[in-house]
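Input: a single structure, listed below in structure tokens.
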Amino acid sequence: MLRLTELKLPLEHAPGEIKATILKQLGIAESDLVSFTIFRRGVDARKSHAILFVYTLEVEVRNETNVLARCKKNPHVKIAPDTGYHFVAQAATSSAERPVIVGLGPAGLFAGLILAQSGFKPLILERGKAVRERTKDTFGLWRQGVLNPESNVQFGEGGAGTFSDGKLYSQVKDPKHYGRKVLQEFVKAGAPEEILYVSHPHIGTFRLVGMVEKMRETILALGGEIRFQSRVDDIEVEHGQVQGVVLASGEHIPTRHLILAVGHSARDTFEMIHKRGIYIEAKPFSIGFRIEHPQSLIDRARYGNHAEHPLLGAQLSSPRPALGDFIQGKPSTAFGSVQPSYAPGVHFVRFE
Ligand SMILES: Cc1cc2nc3c(=O)[nH]c(=O)nc-3n(C[C@H](O)[C@H](O)[C@H](O)COP(=O)(O)OP(=O)(O)OC[C@H]3O[C@@H](n4cnc5c(N)ncnc54)[C@H](O)[C@@H]3O)c2cc1C
């Protein structure tokens, strides 16, 4: 597989132009191009009157060695790095022991998924409710001021950011390509495929709910188990070795392999861990602030006359169902009596 970088095309290029440019750059006939995929697509908006897409492509060709030799002076043609995810272990078929994961936010979800894909059949314990039931509780606080301390915006399946618009900007430096595995799993679970290559991917509010459910189904299909409303209140340790956990109900669950994926908000759990003498360390402090500008102002500053071009994500077009319909699982056709401030760019869809 070859990697082609810095392939620049105008904003409004025809889809066939990518292929034509590959053939030209590599000096090959169409019959020698087996396939290509977009690995990344950035935007070069330094000249707002001539905005360019900058592509990184993965290209499969016949006679790769010859093509590479012919292009050896071109710094933008290289062998593609291995970006695949490599499992570190596979469970022995005889293994009766199950790893236990506490928390089903992003950390617990991916720990569970990777362990399940590795054949370990993990047991995941989550203090909150399954994501759709949790949606009602979360909006119960936001709309009616009723707090459920165990099922809210922080606690429950999907974790703390489930009701955000799912911005995916982390792992800028990712030499082992772990972030790609995460994005690939998101796409399998229903995220738009373009998150794999656009420079500022986001998933979209409410779509996360269906994705979390699909990832849960995958874990279950691979033999994992998930128990909601199962708060871990204690960890049993003997001679420095974890022996099991105790739930709020008093139930004891034996395990020697425990992953705590409890997030930022479970202060009661941190206190318990600390009291148990388990080493615990504060994360380095980070602080962020948010300055809100109208999207149109930023788009005009970046893209000039192209400010409203749909390919630049500039026009707000947000697919979403109305909340009440989403909870009832029916398609939306109109806003409710309260007009949301984001109404102008919203079109209704049904998220499963
Ligand atoms: C409103 C909001 C919007 C956000 N938007 C974004 C965004 O767009 N993009 C982004 O990258 N990040 C976003 N974040 C940050 C992101 O959500 C967090 O970084 C992420 O959720 C941390 O994942 P985690 O799995 O470590 O912990 P959490 O998501 O906090 O999950 C921990 C889970 O553990 C469970 N738990 C805790 N204690 C116990 C216990 N004793 N027993 C059983 N279960 C327990 C909790 O119920 C919870 O479900 C947002 C956060 C918030 C609050």
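The sequence shown begins at -16 in this note's numbering and counts up by one.
Every residue gets a Cβ at the ideal spot worked out from N, C-alpha and C, and that includes glycine.
Computed from a predicted model, the values in this text were never measured in an experiment.
Coarse secondary structure for Lys61, derived from DSSP in three states: Translated into positions along the sequence shown, residue 61 becomes position 78. Correct three-state label for Lys61: strand.
Where Asn46 falls, given that 16 or more other Cβ within 10 Å makes a residue buried: Locating residue 46 in the sequence shown gives position 63, counting from the first residue. So Asn46 ends up on the exposed side.
Proximity test, Ala143 beta-carbon vs ligand 1 heavy atom, cut-off 7 Å: Taking the first residue of the sequence shown as 1, we reach residue 143 at position 160. The answer is yes for Ala143.
Cβ-heavy atom distance, Ala290 to ligand 1, below 7 Å: The sequence position of residue 290 within the sequence shown is 307, counting from 1. No, the beta carbon of Ala290 sits no closer than 7 Å to any heavy atom of ligand 1.
Rounded straight-line distance, which links the Cα of Lys30 to that of Lys(-5): Counting from one through the sequence shown, the residue named residue -5 turns up at place 12. Counting from one through the sequence shown, the residue named residue 30 turns up at place 47. The sequence as given places Glu at residue -5; Lys does not occur at that position. Answer to the nearest angstrom: the Cα atoms are 15 Å apart.
Glu234 versus Pro277, Ile178 and Leu108, residue with shortest Cα-Cα distance: The residue given as residue 234 occupies position 251 in the sequence shown. Out of Pro277, Ile178 and Leu108, Leu108 has the C-alpha closest to the C-alpha of Glu234.
Cβ shell of Gln298 (< 6 Å), same chain only, five flanking positions each side left out: Numbered from 1 along the sequence shown, position 315 holds the residue referred to as residue 298. In this prediction, Gln298 scores a pLDDT of 47, lower than 50, which makes its location untrustworthy; no coordinate-derived value is stated.
Proximity test, Phe268 beta-carbon vs ligand 1 heavy atom, cut-off 7 Å: Here the question's residue 268 lines up with position 285 in the sequence shown. Relative to the non-hydrogen atoms of ligand 1, the Cβ of Phe268 never comes closer than 7 Å to any of them.
The alpha helix (DSSP H) enclosing Pro89, as first and last residue numbers: Position 106 of the sequence shown, counted from the first residue, corresponds to residue 89. Where Pro89 is concerned, the enclosing alpha helix (DSSP H) stretches over Pro89 to Gln100.
Whole-angstrom distance between Leu306 and Lys313, CA atom to CA atom: Taking the first residue of the sequence shown as position 1, residue 313 is located at position 330. Taking the first residue of the sequence shown as position 1, residue 306 is located at position 323. Whole-angstrom Cα-Cα distance: 10 Å.
Any non-hydrogen atom of ligand 2 closer than 7 Å to Val215 Cβ: For the structure depicted, ligand 2 is absent and the ligand set comprises only ligand 1.
heavy atom of ligand 1 below 7 Å from Leu191 C-beta: Position 208 of the sequence shown, counted from the start, is the residue given in the question as residue 191. No; taking the cut-off as 7 Å, the Cβ of Leu191 has no heavy atom of ligand 1 nearer than that.
Leu203 - containing alpha helix (DSSP H), residue span: As a first step, residue 203 must be located in the sequence shown, where it is residue number 220. Start and end: Arg190 to Ala204.
Separation of Tyr161 from Gly206, as counted between CA atoms: The count along the sequence shown starts at 1 and reaches residue 206 at position 223. The count along the sequence shown starts at 1 and reaches residue 161 at position 178. Here the alpha carbons of Tyr161 and Gly206 stand approximately 24 Å from one another.
Bridge partners - Tyr38, DSSP secondary structure assignment: The residue given as residue 38 occupies position 55 in the sequence shown. Looking at the DSSP assignment, Tyr38 forms a beta bridge with Leu(-10) and Arg24.
Length of the line joining the Cα atoms of His222 and Asp216: Indexing the sequence shown from 1 puts residue 222 at position 239. Indexing the sequence shown from 1 puts residue 216 at position 233. In this structure, the alpha-carbon of His222 lies about 20 Å from that of Asp216.
Simplified DSSP state of Gly246, which is helix, strand or coil: Along the sequence shown, one-based indexing puts residue 246 at 263. Coil at Gly246, not helix or strand.
Arg163 CB to nearest heavy atom of ligand 1 below 7 Å: In the sequence shown, residue 163 corresponds to position 180, counting from 1. Placement of the Cβ of Arg163 at a distance of 7 Å or more from every heavy atom of ligand 1 is found.
Simplified DSSP assignment, three categories, for Pro237: Numbered from 1 along the sequence shown, position 254 holds the residue referred to as residue 237. Residue state, collapsed to three classes: strand.
Under 8 Å between C-beta atoms of Ala244 and Gly88: Counting from one through the sequence shown, the residue named residue 244 turns up at place 261. Counting from one through the sequence shown, the residue named residue 88 turns up at place 105. Annotated as proximal: Ala244 and Gly88, with beta-carbon spacing under 8 Å.
Stretch-stretch touch, CB-based, cutoff 8 Å, three pairs: the region 85 to 104 with the region 237 to 257: With the cut-off at 8 Å, the region 85 to 104 and the region 237 to 257 touch.
Backbone secondary structure at Gly141 - three-state DSSP: Locating residue 141 in the sequence shown gives position 158, counting from the first residue. Correct three-state label for Gly141: coil.
Beta-carbon contacts of Tyr180 that lie in its chain and below 7 Å, excluding the five residues immediately before and after: Counting from 1 along the sequence shown, the entry for residue 180 is found at position 197. Within the same chain, Tyr180 has close Cβ partners Ile21, Phe22, Arg23 and Arg24.
Residues near Thr76 in its chain [Cβ-Cβ closer than 8 Å; skip 5 each side]: Walking along the sequence shown from the start, residue 76 turns up at place 93. Its chain contains Gly102 as the residues whose beta carbon lies nearer than 8 Å to that of Thr76, once the 5 sequence neighbours on both sides are disregarded; these appear in chain order.
Which of helix, strand or coil DSSP assigns to Ile209: Position 226 of the sequence shown, counting from 1, holds the residue named residue 209. Strand, per DSSP.
DSSP three-state assignment for Gln298, whether helix, strand or coil: Here residue 298 corresponds to residue number 315 of the sequence shown, with the count starting at 1. Note that Gln298 scores 47 on pLDDT, short of 50, meaning its location in the model is unreliable and no value can be drawn from it.
Nearest neighbour of Pro82, chosen from Gly187, Thr66 and Lys104 [CA to CA]: In the sequence shown, counting from the first residue as 1, residue 82 sits at position 99. Checked all of Gly187, Thr66 and Lys104; the closest Cα to Pro82 is Lys104.
Among Val129, Gly128, Arg273 and Cys54, the one whose alpha carbon lies nearest that of Gly10: Within the sequence shown, the letter at position 27 stands for residue 10. If we check each option's Cα against that of Gly10, Cys54 comes out closest.
C-alpha distance - Thr121 paired with Pro304, whole-angstrom precision: One-based indexing of the sequence shown puts residue 121 at position 138. One-based indexing of the sequence shown puts residue 304 at position 321. The straight-line gap from Cα to Cα measures roughly 16 Å.
Ligand 1 heavy atom lying under 7 Å from the CB of Pro158: Here residue 158 is taken as the residue at index 175 of the sequence shown, counted from 1. No, the beta carbon of Pro158 sits no closer than 7 Å to any heavy atom of ligand 1.
Same chain only: Cβ atoms within 8 Å of Arg(-14), ignoring 5 sequence neighbours per side: Indexing the sequence shown from 1 puts residue -14 at position 3. For Arg(-14), same chain residues with a beta-carbon under 8 Å away, outside a window of 5 residues either side, are Phe22, Thr39, Leu40, Glu41, Val42, Val60, Lys61, Ile62, Ala63 and Pro64 in chain order.
N-terminal and C-terminal residue of the alpha helix (DSSP H) that Leu124 is part of: Working through the sequence shown from its first residue, we reach residue 124 at position 141. Note, Leu124: alpha helix (DSSP H), Val114 to Gln127.
Local conformation of Val44 per DSSP, three classes: The sequence position of residue 44 within the sequence shown is 61, counting from 1. Secondary structure of Val44 (DSSP, three-state): strand.
Buried/exposed call for Glu177, threshold 16 Cβ in 10 Å: Taking the first residue of the sequence shown as 1, we reach residue 177 at position 194. A residue is called buried once 16 or more other Cβ atoms fall within 10 Å of its Cβ, and Glu177, having fewer, is exposed.
Local conformation of Leu(-15) per DSSP, three classes: Within the sequence shown, numbered from 1, the residue matching residue -15 stands at position 2. Correct three-state label for Leu(-15): strand.
Pro184: CB within 7 Å of a non-hydrogen atom of ligand 1: As a first step, residue 184 must be located in the sequence shown, where it is residue number 201. Every heavy atom of ligand 1 is 7 Å or more from the Cβ of Pro184, so no.
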